[in-house]
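What follows is a single structure, written as structure tokens, with notes after it.
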Amino acid sequence: MNWELLLQILALCLAAACAAAIESTPVDLYISPDGDDTWSGRLPDPIADDGPFASLERARDEIRTLRKSGRLPHGAVVHLRGGRYELDRPFALTAEDSGSSEAPVTYRAYQDEKVILSGGRTIPDFHPVKDPAILDRLSEEARKNVLQADLKTAGIDDFGTVAAPSNRLELFFAGNPMTLSRWPDEGFATVDSVFAEEPFKVHGIDGDRVGKFTYAGDRPSRWSREPDVWLHGYWFWDWADQPQQVKSIDSEERTIELEKPYHNYGYRPGQRFYALNLLCELDRPGEWYLDRRTGLLYFWPPERIDTGRAVVSILSSLITVENASSTDFQHLHLEATRGTTITVNNGTDVRISGCTISNVGSWAVRVDGGGRHSVVGCDIYQTGEGGISLSGGDRITLTPADHLAEN
0 MNWELLLQIL
10 ALCLAAACAA
20 AIESTPVDLY
30 ISPDGDDTWS
40 GRLPDPIADD
50 GPFASLERAR
60 DEIRTLRKSG
70 RLPHGAVVHL
80 RGGRYELDRP
90 FALTAEDSGS
100 SEAPVTYRAY
110 QDEKVILSGG
120 RTIPDFHPVK
130 DPAILDRLSE
140 EARKNVLQAD
150 LKTAGIDDFG
160 TVAAPSNRLE
170 LFFAGNPMTL
180 SRWPDEGFAT
190 VDSVFAEEPF
200 KVHGIDGDRV
210 GKFTYAGDRP
220 SRWSREPDVW
230 LHGYWFWDWA
240 DQPQQVKSID
250 SEERTIELEK
260 PYHNYGYRPG
270 QRFYALNLLC
280 ELDRPGEWYL
290 DRRTGLLYFW
300 PPERIDTGRA
310 VVSILSSLIT
320 VENASSTDFQ
330 HLHLEATRGT
340 TITVNNGTDV
350 RISGCTISNV
360 GSWAVRVDGG
370 GRHSVVGCDI
380 YQTGEGGISL
390 SGGDRITLTP
400 ADHLAEN
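Encoded structure:
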């Protein structure tokens, strides 16, 4: 037997097998906080003048280019190196970013590194309050503890609104949501009486459709210098709450009038509410207030300010998937959005697995339409409206969407 020939044949077979294996694996791309979008994105670490990309968009666009040139037969895996990514805009995927069942496109944390995608901005510089006019509105104890930061100097000029669920700027410190200044600090005040300007009766209960009522005590007399007072109340039924902007306060008559539109269910005596968005009520650790005219954020941190990261939510969402299919998101931490963090509309087989989603103004994940989308093994907490919303299918034909939420 010619052993030399046999060894050559075996070597050729092994080389062919290795080449086939390489050809059948997905393309690996890398993103890093230390990356550069002018680099190739094919290396996990920077080396001289090459290394990982810096942004999700650059990796997405590279995948588009590879697909158009026929160099993406087995899909792609985008590895995000550990670190914090504060996005300037939601990461958007469309139909042209789809994978296939045999060749999906995956965005995932690199190995076991912690990847944070944030829709917020870190506020680095807090200073003691020195403006006498501001100090005069604070309690003696608060004057010693409240700090201020200039959001405009930090490049933030979108302050959102006080109450709109999908556009409400929030403050987080050390990973926890802080409390917009309020009174009372715990529990509620109550409506003393209504004026019956547009009276009505439902289920034997008297109410008034006009948002004008009296209150007990003198606390609201302190609010005369507050430019944008809101009340959050259960105005008629204990299952229907709504924030309402204050139009005027008459401290002599102990009367509060609300801005229109009034609450759908009207108002009645004895119902509960609390006041919010008042600098003068910033009176305990963990509370904050934003002056939207000046862009100054006032904050009484629950711990020393240098022991945690202060973040304000800016983006409405972090990831939007529109008509895309066979796309996976794995082991990512997503945080600090004003609205829904991940939205999936139509398409098929989008999978979100092993992710942590927290500190969001609306939903963590919302799926509308399409089929076979799944949210699996995710940790979700501190959301403004809910965790996971799945909708789809055809009611007329009774065709299911086959979406899945599993823990």
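Position 134 of the sequence shown, counted from 1, bears residue number 133 in numbering that gives the first Met the number 0, the numbering being contiguous throughout. From the three backbone atoms N, C-alpha and C, an ideal C-beta is built for every residue, glycine too.
Suppose you measure from the CA of residue i to the CA of residue j; what does that come to, to the nearest Å?
| i | j | result |
| --- | --- | --- |
| P242 | L277 | 14 Å |
| V311 | S192 | 38 Å |
| V114 | T152 | 27 Å |
| G210 | G338 | 28 Å |
| G285 | E95 | 45 Å |
| N406 | H372 | 14 Å |
| D135 | V128 | 11 Å |
| I155 | D130 | 22 Å |
| H332 | V374 | 14 Å |
| Y261 | D249 | 19 Å |
| S97 | E61 | 13 Å |
| T64 | A53 | 17 Å |
| I387 | F158 | 27 Å |
Suppose the cutoff is 6 Å on Cβ atoms and the five residues either side in sequence are ignored; what does the same chain contact list for residue i look like?
| i | result |
| --- | --- |
| A20 | Because A20 carries a pLDDT of 41, less than 50, the predicted location of this residue cannot be relied on, and no value is offered for it. |
| F90 | L55, I318 |
| D282 | S138, A141 |
| L150 | G294, L296 |
Give the range of the beta strand (DSSP E) segment to which residue i is assigned.
| i | result |
| --- | --- |
| L296 | 295-298 |
| T254 | 254-257 |
| K67 | It is not in any beta strand (DSSP E) - K67 instead sits in the alpha helix (DSSP H) that spans 55-67. |
| A363 | 362-367 |
| P131 | P131 -> not in any beta strand (DSSP E); alpha helix (DSSP H) instead, spanning 131-134. |
| D327 | 326-329 |
| F212 | 211-213 |
Which same chain residues end up closer than 7 Å to residue i when comparing Cβ atoms and leaving out the 5 residues on each side of it in sequence?
| i | result |
| --- | --- |
| Y264 | W234, F235, W236, A239 |
| G181 | Checking the sequence shown, residue 181 turns out to be Arg, not Gly. Hits under 7 Å: Y273, A274, L275, E280. |
| F187 | R271, F272, Y273 |
| H231 | D240, P242, F272, Y273, L275 |
| L5 | The pLDDT assigned to L5 is 47, lower than 50, so where the model puts this residue is not dependable; a value taken from the coordinates is nonetheless given after this. Nothing listed; no residue qualifies. |
Tell me which same chain residues have a C-beta within less than 8 Å of the C-beta of residue i, skipping the five on either side of it?
| i | result |
| --- | --- |
| P45 | S31, D33, G34, D35, W38, P51 |
| Y109 | Y29, P43, H78, L79, R80, G81 |
At a cut-off of 7 Å, would you count residue i as near the ligand GDP, judging by its Cβ distance to the nearest heavy atom?
| i | result |
| --- | --- |
| V114 | Of the ligands one can find in the structure shown there are none, so the ligand GDP has no counterpart to examine. |
Is the separation between the beta-carbon of residue i and that of residue j shorter than 8 Å?
| i | j | result |
| --- | --- | --- |
| P164 | E321 | no |
| A195 | D207 | yes |
| L86 | A323 | no |
| N344 | G368 | yes |
| V76 | T105 | yes |
| S352 | Y380 | no |
| S100 | S325 | yes |
| E189 | G269 | The question names Glu, but residue 189 is Thr in the sequence shown. Going by C-beta atoms, T189 is nearer than 8 Å to G269. |
| L170 | F298 | yes |
| W287 | L179 | yes |
Grab the span of the alpha helix (DSSP H) containing residue i for me, first residue to last.
| i | result |
| --- | --- |
| R142 | 139-142 |
If residue i sits next to residue j, beta carbons under 8 Å apart, how far is it from one beta carbon to the other, in whole angstroms?
| i | j | result |
| --- | --- | --- |
| S117 | R83 | 6 Å |
| A162 | W229 | 6 Å |
| V359 | H402 | 20 Å between Cβ atoms; not a contact. |
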